[in-house]
Amino acid sequence: MIAHGLFWDNDPYWTYWVTKTFLITTVFLFGTAFLGIGILPGLILTAAHTAILEIYYQWLAPVGLPQEPEWLDFNHLWVTGVPAHFLAILAGYLLALWLWRRNHPAQQIERAETRYFAIYGLLATALIVVVDGVLTQMVLLRDFPGITFFVQHI
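Using our numbering, the first residue of the sequence shown is number 208, and each one after it goes up by one.
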């Protein structure tokens, strides 16, 4: 948050930080389940997180972000946004990696176990959102929630 505020010279509202925390957690949780833990996976996952975040800002921003055109202008979104988000998240990942490696000796962990658990969790989440969107919204309330509903909830 400090890097974000210093580099971008703004401090978004509190729900931004909650949403961003869930996005970071989701990308890194499933990413480390498939790619493992290390510097290269960290670079890949940070790039994926940054791409998802910037694409969300560009095309889905009216759903959850302030309706302030100057806050999401091209400069803040692509010129300074990409390096600010990438470097801030990567710094946090590398710090966590350093602390984790310092406190836990390297062990051989079966990747298949975490991969199957991650797939099961992702499929269960998608199924719950689809059931909620189809049964609750469309059948019971007779209102199609829109594609953005599914994107935000998955």
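For glycine and all other residues, C-beta sits at the position ideal for the given N, C-alpha and C. Quick caveat, the model's predicted, so the values are computed rather than measured.
Tell me the DSSP secondary structure of L304 in three-state form.
In this structure, L304 counts as helix in the three-state DSSP scheme.
Taking Cβ positions, are L284 and E320 nearer each other than 8 Å?
No, Cβ-Cβ distance for L284 and E320 is not below 8 Å.
In or out: V234 buried (at least 16 other Cβ within 10 Å) or exposed?
The residue in question, V234, is buried, as its Cβ has 16 or more Cβ neighbours within 10 Å.
DSSP on L342, reduced to helix/strand/coil?
Of the three classes helix, strand and coil, the one that applies to L342 here is helix, per DSSP.
Do Y300 and G249 have their C-beta atoms within less than 8 Å of each other?
In contact: Y300 and G249 (Cβ atoms closer than 8 Å).
Run through DSSP, which three-state label would F351 get?
F351 falls in the coil class under three-state DSSP.
Taking the CB atoms as reference points, tell me whether L230 and T355 lie closer together than 8 Å.
Against a cut-off of 8 Å, the Cβ pair of T355 and L230 comes out as no contact.
Round the Cβ separation of G238 and L252 to the nearest angstrom and send it over; I've been treating them as touching at under 8 Å.
Indeed they touch by this definition, with Cβ atoms about 4 Å apart.
Which value, in whole angstroms, describes the spacing of the CA atoms of A331 and A325?
Near 10 Å, if we compare the C-alpha coordinates of A325 and A331.
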